[in-house]
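J.: Numbering (the working numbering), first residue to last: 117 to 580. Every residue gets a Cβ at the ideal spot worked out from N, C-alpha and C, and that includes glycine.
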């Protein structure tokens with residue numbers, strides 16, 4: 117690889133990003149990588165070799181950004197100098213951009229003996245960039261149906277990941293969520309180190325198999341059975357036909373408590389137990405914390421430090437992020453597939469049917485959202501119909517979203533495609549000191565967040 121060409125690529129990429137930020141005051145997390153990648157086709161591989169302590173990848177349908185942010189805090193507290201794309205730009209151009217932002221004006225890159233490249237990677241992009249990144253640790257969170265128009269079925273992605281790991285050989289470690297049958301099978305594809313994580317809590321379960329659609333069969337086609345089901349198809353599964361079953365995880369969560377706007381659990385690693393309380397509600401927060409802990413463990417981070425860091429994490433952008441506008445609290449809940457939507461529904465459900473829920477639901481159909489929005493019919497919105505909900509629907513597909521809510525027995529007060537106008541109308545019914553929950557797909561989250569940053573004067577993240 118021509119080092120001069122790489123340096124030129126980084127200089128031009130960095131310059132392009134700075135120009136956009138000067139004009140827009142935000143964004144441009146992908147543009148530097150897009151420009152740099154056009155100049156040097158193997159730039160990502162070349163840059164990955166500069167990481168003295170290797171590269172870590174985080175991939176899966178749900179939880180990439182939150183897990184990456186949690187892990188970034190752990191590694192920084194452990195003394196690592198992390199280079200990361202915590203803003204969530206997770207295609208190849210976003211990964212290169214993370215490097216471009218770290219170089220100086222002449223394209224020089226500071227080397228550090230504990231430099232770690234920490235990247236969340238789009239699940240469909242991972243197989244294409246895996247050899248270039250050559251990760252020391254690869255973490256696999258879950259696989260749910262998401263953007264079927266772009267990714268295809270879950271099984272296809274799982275097979276691509278299996279082939280990818282087999283081709284890599286024994287170098288590096290993989291960290292896997294054994295509660296997901298598709299992810300658990302990845303351990304059969306490597307001779308390297310495998311660190312497992314999952315939930316072990318018999319008191320925590322969902323009532324039925326309503327959402328078991330993404331991993332219903334074992335590798336031989338037999339129907340999987342569940343002794344305990346936690347979220348969608350994640351749980352303690354087994355196959356009676358081929359005697360395959362979910363193994364006991366190395367890193368696990370027990371005694372889970374999801375209440376008072378937080379997620380509490382016992383983190384158990386090597387039979388060492390720590391109490392964790394994260395100020396973000398939701399079972400998926402527990403899974404994200406487990407993934408971050410297991411990955412840090414694979415990097416030989418001290419267990420006590422892992423626990424203390426998790427107790428200090430904060431929500432990343434757009435993921436239960438809270439803004440204060442005119443003495444009213446606004447919470448953004450990113451929602452992009454049925455599983456995530458169902459977990460969001462659990463979060464916004466009030467303790468009493470008499471408590472009013474103020475809700476702004478925004479549905480877009482951009483490429484990053486998924487152009488096929490039929491997934492909204494697979495979410496269990498009907499669970500909310502018994503509650504007192506003041507609902508405003510917005511976004512490019514506001515009418516489609518409004519129809520879905522109507523069919524669930526919840527009629528919107530207003531349907532308006534203009535997001536800022538919808539926000540104002542939704543806030544009209546929120547009392548001082550009250551809260552508005554915003555359910556938003558990815559591009560809608562970016563739009564509403566930009567508006568809220570401006571109104572609340574909150575320091576912005578650089579996102580695109």
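What does the Cβ neighbour count give for residue 547, buried or exposed, with the cut at 16 atoms within 10 Å?
T.: Within the chain shown, residue 547 is the residue found at index 431, counting from 1. The residue is exposed, with fewer than 16 neighbouring Cβ atoms inside 10 Å.
J.: Do residue 503 and residue 459 have their C-beta atoms within less than 8 Å of each other?
T.: Sequence index remark: in the chain shown, residue 503 carries index 387 (1-based). Sequence index remark: in the chain shown, residue 459 carries index 343 (1-based). Cβ distance not < 8 Å, so residue 503 and residue 459 don't count as in contact.
J.: Of all the alpha helix (DSSP H) runs that stay within the bounds of the stretch 297-326, which reach a length of 4 or more residues?
T.: 297-300, all fully within the stretch 297-326.
J.: State buried or exposed for residue 213, treating a residue as buried only when at least 16 other CB atoms are found within 10 Å of its CB.
T.: Locating residue 213 in the chain shown gives position 97, counting from the first residue. By the 10 Å Cβ count, residue 213 comes out buried.
J.: Kindly examine the ligand GTP and report whether one of its heavy atoms sits closer than 7 Å to the Cβ of residue 421.
T.: Of the ligands one can find in the structure shown there are none, so the ligand GTP has no counterpart to examine.
J.: Taking three-plus beta-carbon pairs below 8 Å as touching, is the stretch 269-285 in contact with the stretch 194-209?
T.: The stretch 269-285 makes no contact with the stretch 194-209, as fewer than three CB pairs between them are under 8 Å.
J.: Let me confirm a value: residue 314 is counted as buried when at least 16 other C-beta atoms fall within 10 Å, else exposed. Which label applies?
T.: Along the chain shown, read from residue 1 onward, the residue named residue 314 stands at position 198. So residue 314 counts as buried.
J.: Near residue 341, what residues of its chain come up, given a Cβ to Cβ distance below 6 Å and the 5 sequence neighbours on each side ignored?
T.: The residue given as residue 341 occupies position 225 in the chain shown. Cβ neighbours of residue 341 beyond the five flanking positions: 354.
J.: Taking residue 486 as the reference, give the member of 532, 431, 473, 559 with the closest Cα.
T.: Start at 1 with the first residue of the chain shown, and residue 486 comes out as number 370. Answer by Cα proximity: 559.
J.: May I ask you to report which of helix, strand or coil DSSP gives residue 390?
T.: Here the question's residue 390 lines up with position 274 in the chain shown. Strand at residue 390.
J.: By the three-class DSSP mapping on this structure, what secondary structure does residue 168 have?
T.: To locate residue 168, count along the chain shown from 1; it is residue 52. Looking at residue 168 - three-state DSSP - the assignment turns out to be coil, as it is neither helix nor strand.
J.: Is the stretch 446-460 touching the stretch 417-428, taking contact as three or more C-beta pairs under 8 Å?
T.: no
J.: Which runs of the alpha helix (DSSP H) spanning at least 4 residues fall entirely within the stretch 483-530, listed in chain order?
T.: 514-523
J.: Buried or exposed: which applies to residue 143, given that a residue is buried once 16 or more other Cβ atoms fall within 10 Å of its Cβ?
T.: As a first step, residue 143 must be located in the chain shown, where it is residue number 27. Caution is warranted here: a pLDDT of 49 is assigned to residue 143, below 50, making its placement in the model unreliable, and no coordinate value can be reported.
J.: From residue 169 to residue 392, what does the alpha carbon distance come to, in whole angstroms?
T.: Counting from 1 along the chain shown, the entry for residue 169 is found at position 53. Counting from 1 along the chain shown, the entry for residue 392 is found at position 276. Rounded to whole angstroms, residue 169 to residue 392 spans 28 Å at the Cα level.
J.: State the start and end residues of the unbroken alpha helix (DSSP H) segment that holds residue 235.
T.: The residue given as residue 235 occupies position 119 in the chain shown. Counting along the chain, residue 235 falls outside any alpha helix (DSSP H), though it belongs to the beta strand (DSSP E) covering 231-236.
J.: Going by other Cβ atoms of all chains shown within 10 Å of its Cβ, with 16 needed for buried, is residue 412 buried or exposed?
T.: Position 296 of the chain shown, counting from 1, holds the residue named residue 412. Answer is buried; the Cβ neighbour count reaches 16.
J.: Using the three-state DSSP reduction, which class does residue 385 fall into: helix, strand or coil?
T.: Numbered from 1 along the chain shown, position 269 holds the residue referred to as residue 385. Strand, per DSSP.
J.: Is the stretch 162-176 touching the stretch 424-442, taking contact as three or more C-beta pairs under 8 Å?
T.: Judged by Cβ distances under 8 Å, the stretch 162-176 makes no contact with the stretch 424-442, as fewer than three pairs qualify.
J.: Taking residue 512 and residue 533 to be in contact with their CB atoms under 8 Å, please state how far apart those CB atoms are, rounded to whole angstroms.
T.: Counting from one through the chain shown, the residue named residue 512 turns up at place 396. Counting from one through the chain shown, the residue named residue 533 turns up at place 417. At roughly 6 Å, the Cβ-Cβ gap stays under 8 Å, so residue 512 and residue 533 are in contact.
J.: If you pair each beta-carbon of the stretch 229-244 with each one of the stretch 378-394, do three or more pairs fall below 8 Å?
T.: no
J.: Among 566, 527, 431, which has the Cα closest to the Cα of residue 501?
T.: In the chain shown, counting from the first residue as 1, residue 501 sits at position 385. The option with the nearest alpha carbon to residue 501 is 527.
J.: For residue 483 and residue 177, what's the separation of their Cα atoms in angstroms?
T.: Position 367 of the chain shown, counted from the first residue, corresponds to residue 483. Position 61 of the chain shown, counted from the first residue, corresponds to residue 177. So the two alpha carbons sit approximately 15 Å from each other.
J.: Whether or not the stretch 396-406 and the stretch 180-187 are in contact is what I'm after, with contact meaning three or more pairs of Cβ atoms, one per stretch, closer than 8 Å; do they touch?
T.: yes
J.: Given a cut-off of 8 Å on the beta-carbon distance, is the pair residue 381 and residue 369 in contact?
T.: In the chain shown, residue 381 corresponds to position 265, counting from 1. In the chain shown, residue 369 corresponds to position 253, counting from 1. Going by C-beta atoms, residue 381 is nearer than 8 Å to residue 369.
J.: Where does residue 280 sit, in a helix, a strand or coil, going by DSSP?
T.: Indexing the chain shown from 1 puts residue 280 at position 164. If DSSP states are grouped into helix, strand and coil, residue 280 belongs with the helices.
J.: In this structure, what does DSSP give as the bridge partners for residue 441?
T.: As a first step, residue 441 must be located in the chain shown, where it is residue number 325. DSSP lists 444 as partners of residue 441.
J.: Whose CA, out of 232, 494, 287, 540, lies closest to the CA of residue 247?
T.: By 1-based counting over the chain shown, the position of residue 247 is 131. Ranking 232, 494, 287, 540 by Cα distance to residue 247 puts 287 first.
J.: Name the DSSP beta bridge partners of residue 347, please?
T.: Here residue 347 is taken as the residue at index 231 of the chain shown, counted from 1. DSSP, once it has assigned bridges, lists 350 as partnering residue 347.
J.: Since residue 552 and residue 476 are thought to touch, with beta carbons under 8 Å apart, how far apart are those beta carbons, to the nearest angstrom?
T.: Locating residue 552 in the chain shown gives position 436, where the first residue counts as 1. Locating residue 476 in the chain shown gives position 360, where the first residue counts as 1. Sure, about 6 Å apart at Cβ, within 8 Å.
J.: Are the beta-carbon atoms of residue 367 and residue 290 separated by less than 8 Å?
T.: Counting from 1 along the chain shown, the entry for residue 367 is found at position 251. Counting from 1 along the chain shown, the entry for residue 290 is found at position 174. The answer is no: Cβ separation not under 8 Å.
J.: Expressed to the nearest angstrom, what Euclidean distance is found between the alpha-carbon atoms of residue 284 and residue 319?
T.: Within the chain shown, the letter at position 168 stands for residue 284. Within the chain shown, the letter at position 203 stands for residue 319. Approximately 39 Å between the Cα atoms of the pair.
J.: Check each candidate in 442, 508, 433, 523 and name the one with the smallest Cα separation from residue 495.
T.: The residue you call residue 495 lines up with position 379 of the chain shown. Ranking the options by Cα distance to residue 495, first place goes to 523.
J.: Measuring only the C-alpha atoms, how far is residue 433 from residue 401?
T.: Within the chain shown, the letter at position 317 stands for residue 433. Within the chain shown, the letter at position 285 stands for residue 401. The straight-line gap from Cα to Cα measures roughly 14 Å.
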